[in-house]
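Asks: If you want UniProt numbering, it's the 1-based position in the sequence shown plus 3.
Just so you know, even glycine gets a beta-carbon here, dropped at the ideal spot from N, CA and C.
Values in this document were obtained by computation on a predicted structure and should not be read as measured data.
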Amino acid sequence: QQLDGMLASRMKHSFHLHEKAKEVIPGGVTANIKYFAPHPIIMQKGKGSHLVDVDGNEYIDYLLCYGALILGHGHPKVIEAVIQQMANDGTTVFGTPHELEMVMAQKIIHAFPSVEMVRYTNSGLEATLLAIRLAQAFTGKTAIAKFEGHYHGGYDQVLISVNPSIAEAGDEKEPKAVPESKGIPAQYTDETIILPFNNIEATETILRKQKHRLAAVILEPVQGGFIPADATFMKQLRAITKELGIVLIFDEVKTGFRIIYGGAQTVYGIDPDLTALGKVLGGGFPIGAVGGKKEMMEQMDPRRGKDALSIETEKANKTDTLFHSGTYNGHPTILAAGLATLDVLQQEGTMTKLLQMTSMLREGLENVYHAYGIPMKTVGLGSSFNIVLTEQEVKNYRDLAKANIKLREKIDYELLSLGVYAKPGNRYSVSVAHTQEDIARTIEAHEKAIRQVTN
Ligand code: PLP
């Protein structure tokens, strides 16, 4: 409720718009995560590393559309690519195959050595859903295993134990499957096995016990985009899944092209069977992609075992072919934006500078919190990190739950009034557009916020 007192006078227009929006949109938000109390801030303009709200307040943006905007808002190369695509092609969308689909697939394959073929979707959610279906079809099994605290999109099979209450979550070494939403059929809490992240002994025990029914293990190699897997954990997980014939799916929707040019698998040197991508790949537009080994991806080949020229192909192939569809899959405008984004990231020095800026911010923040005697560490990899108010090691969901979440939230609300936008509690993503001045102002704002809340 703090926003009420502190910011109400600066946010009149935001408040009124949200009041109106609530009448026609549940909670006034188009995704549950976009809400925070007492009302979300309604934005009107983006420019580079900054957001401006409908009341004219300006913020340094570290939400960056949940990490998607690695070049910041409205990068000229992206805007130009989008306009050019529509002007040159004379359409917004073909609804047929077109060249950019192949060009982007080649780029992904080049950046992700484990990927041999690619299909596009319209979101990260659809990408992990497709990856799971590919694994189920490939193995003939139906259950999957996911890690506690990992997010893969908001659908039945994986919307389980993402943010469970510790009281409900059971033993740390054998977490319970806790649904995150009303309306998830009970079968999914039976068919989704929960694993403890960064605990290879407990993970191995569960996988060996459940191997007969497991199609896949899906994980965020960097949990929440900021808690990295231990290198040995990752290596052993790959070895065990291979031995047990379980498909290993890397969900790199957050990490892909953000922690490095490539993904977490590039950093760890791990060869997953399937990879889900999204966010950065779309240059600020909705996209997802699944990449993986030919033998798995070719399950979607509509020619499988049939005469490719037969108009009956679609009907006849149902049992041989894995069905994958989407009106807007491989949308040319989005691929143009994504390709322009990857081009900028590949320019010499771009990624290095981005990582340096991120380190500078992390270091500056740690110094400030420690100067005020607040137990704190920044936890992250590449250009994303989170501020965790603890002295303990942070390796998984249970460690996070022990941090001082209340103090973090108080500071986050202060930061909003000081012009730093990281949705309360959210991780920080840095963009190519962030400047040294932004970093210095952010560190200064944290210091002011700490003073306010600890006084
Ligand atoms: N997987 C991960 C790791 C994500 O972070 C997200 C979104 O935050 C998704 C999947 C779902 O992606 P989308 O929101 O594009 O559906």
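1) In chain order, what residues of the same chain have a beta carbon less than 7 Å from the beta carbon of His16, not counting five sequence neighbours either side?
2) Compare the C-alpha of Gly259 against each of Gly248, Lys245 and Ile290 and name the closest.
3) What is the DSSP secondary structure of Arg241, counted as helix, strand or coil?
4) Less than 7 Å between C-beta atoms, sequence neighbours within five positions excluded: which residues of the same chain meet that for Lys426?
5) Which stretch, first to last residue, makes up the alpha helix (DSSP H) that contains Met363?
6) From Glu175, Ile221 and Gly143, pick the residue whose C-alpha is nearest to that of Lys149; which is it?
7) Under the rule that 16 or more other beta-carbon atoms within 10 Å means buried, what is Thr324, buried or exposed?
8) Count the other CB atoms, across all protein chains shown, that sit within 10 Å of the CB of Ser184; report buried if there are 16 or more and exposed otherwise.
9) Per the DSSP calculation, Lys149 is bridged to which residue(s)?
10) In terms of residues, what are the limits of the beta strand (DSSP E) holding Met46?
11) Enumerate in chain order the residues of its own chain whose CB-to-CB distance from Ser168 is below 8 Å, with the five nearest sequence positions on each side excluded.
12) By the DSSP assignment, the alpha helix (DSSP H) with Gly341 in it spans what residues?
13) Evaluate Tyr69 with the Cβ neighbour count: other Cβ atoms within 10 Å of its Cβ, from every protein chain shown; 16 or more gives buried, anything less gives exposed.
14) Given this structure, state the Cα-to-Cα distance separating Lys48 from Val55, to the nearest angstrom.
15) Kindly indicate which three-state DSSP category Ser432 falls into: helix, strand or coil?
16) Please indicate yes or no: does the CB of Tyr123 lie closer than 6 Å to some heavy atom of the ligand PLP?
17) Mark Asn201 as exposed unless 16 or more other C-beta atoms lie within 10 angstroms of its C-beta, in which case mark it buried.
18) Starting from Lys15 and walking both ways along the alpha helix (DSSP H), at which residues does that stretch end?
19) Hey, how far is the Cα of Val293 from the Cα of Gln160?
20) For Gly186 and Glu194, I'd like the C-alpha separation in whole angstroms.
21) Please state whether the Cβ-Cβ distance between Gly281 and Val250 is less than 7 Å.
22) Considering only their Cβ atoms, is the gap separating Asp254 from Thr344 smaller than 7 Å?
23) Give the straight-line distance between the Cα atoms of Glu104 and Leu342, rounded to the nearest whole angstrom.
24) Going along the chain, which residues of its own chain have a beta-carbon closer than 6 Å to the beta-carbon of Gly383, five neighbours each way excluded?
25) Given this structure, state the Cα-to-Cα distance separating Lys144 from Met299, to the nearest angstrom.
26) If you reduce the DSSP assignment to three classes, tell me which class Asn458 lands in.
27) Go ahead and pull the three-state DSSP assignment for His113.
28) Please classify Glu156 as buried or exposed, where buried requires at least 16 other C-beta atoms within 10 Å of its C-beta.
Replies: Considering the structure as presented:
1) Numbered from 1 along the sequence shown, position 13 holds the residue referred to as residue 16. Hits under 7 Å: Val57 and Asp58.
2) One-based indexing of the sequence shown puts residue 259 at position 256. With distances taken between CA atoms, Gly259 lies nearest to Ile290 out of Gly248, Lys245 and Ile290.
3) Residue numbering aside, residue 241 sits at position 238 when the sequence shown is read from its first letter. Helix.
4) As a first step, residue 426 is located in the sequence shown; it is residue number 423 there, counting from the start. Here the set comprises Phe39 and Leu66.
5) Within the sequence shown, residue 363 is the residue found at index 360, counting from 1. Element bounds for Met363: Thr353 to Ala374.
6) Here the question's residue 149 lines up with position 146 in the sequence shown. Check the Cα spacing between Lys149 and each of Glu175, Ile221 and Gly143: the tightest is with Ile221.
7) Counting from one through the sequence shown, the residue named residue 324 turns up at place 321. In the assembly as shown, Thr324 is a buried residue. Its beta-carbon has 16 or more other beta-carbons within 10 Å.
8) Start at 1 with the first residue of the sequence shown, and residue 184 comes out as number 181. With fewer than 16 other Cβ atoms within 10 Å, it is exposed.
9) Position 146 of the sequence shown, counted from the first residue, corresponds to residue 149. According to DSSP, which records beta bridges pairwise, Lys149 is partnered with Ile197 and Ile221.
10) Here residue 46 corresponds to residue number 43 of the sequence shown, with the count starting at 1. Per DSSP, Met46 belongs to the beta strand (DSSP E) from Met46 to Lys50.
11) Indexing the sequence shown from 1 puts residue 168 at position 165. The residues are Val181.
12) Taking the sequence shown and counting its residues from 1, the one referred to as residue 341 is at position 338. Secondary structure note for Gly341: its alpha helix (DSSP H) is the uninterrupted segment Pro335 to Gln349.
13) Residue mapping note: residue 69 aligns to position 66 of the sequence shown, counting from 1. Its Cβ being crowded by 16 or more others within 10 Å, Tyr69 is buried.
14) On the sequence shown, position 45 is the one that residue 48 refers to. On the sequence shown, position 52 is the one that residue 55 refers to. Rounded to the nearest angstrom, the two C-alpha atoms are 5 Å apart.
15) What you label residue 432 is simply residue 429 of the sequence shown in a count that begins at 1. In this structure, DSSP gives Ser432 an extended state, which the three-state scheme calls strand.
16) Here residue 123 refers to the residue found at position 120 of the sequence shown. Result no, Cβ not under 6 Å from the ligand PLP.
17) For this step, residue 201 is matched to residue 198 along the sequence shown. By the 10 Å Cβ count, Asn201 comes out buried.
18) Against the sequence shown, residue 15 aligns to sequence position 12. DSSP places Lys15 inside the alpha helix (DSSP H), whose first and last residues are Lys15 to Val27.
19) To locate residue 293, count along the sequence shown from 1; it is residue 290. To locate residue 160, count along the sequence shown from 1; it is residue 157. When rounded, the distance between both Cα atoms is 17 Å.
20) Numbered from its first residue, the sequence shown carries residue 186 at position 183. Numbered from its first residue, the sequence shown carries residue 194 at position 191. Each residue's Cα considered, the two are about 16 Å apart.
21) Stepping through the sequence shown from its first residue, residue 281 is reached at position 278. Stepping through the sequence shown from its first residue, residue 250 is reached at position 247. No, the Cβ-Cβ distance between Gly281 and Val250 is not below 7 Å.
22) For this step, residue 344 is matched to residue 341 along the sequence shown. For this step, residue 254 is matched to residue 251 along the sequence shown. No. Outside cutoff.
23) As a first step, residue 104 must be located in the sequence shown, where it is residue number 101. As a first step, residue 342 must be located in the sequence shown, where it is residue number 339. In a straight line, the C-alpha of Glu104 is about 10 Å away from that of Leu342.
24) Position 380 of the sequence shown holds residue 383. Sequence-distant Cβ neighbours of Gly383 in its own chain, meaning closer than 6 Å and more than five residues away, are Phe229.
25) Translated into positions along the sequence shown, residue 144 becomes position 141. Translated into positions along the sequence shown, residue 299 becomes position 296. Each residue's Cα considered, the two are about 14 Å apart.
26) Within the sequence shown, residue 458 is the residue found at index 455, counting from 1. Correct three-state label for Asn458: coil.
27) In the sequence shown, the residue the question calls residue 113 occupies position 110. His113: helix per DSSP, three-state reduction.
28) Locating residue 156 in the sequence shown gives position 153, where the first residue counts as 1. Per the sequence shown, residue 156 should be read as Gly rather than Glu. Buried, because 16 or more other Cβ atoms sit within 10 Å of the Cβ of Gly156.
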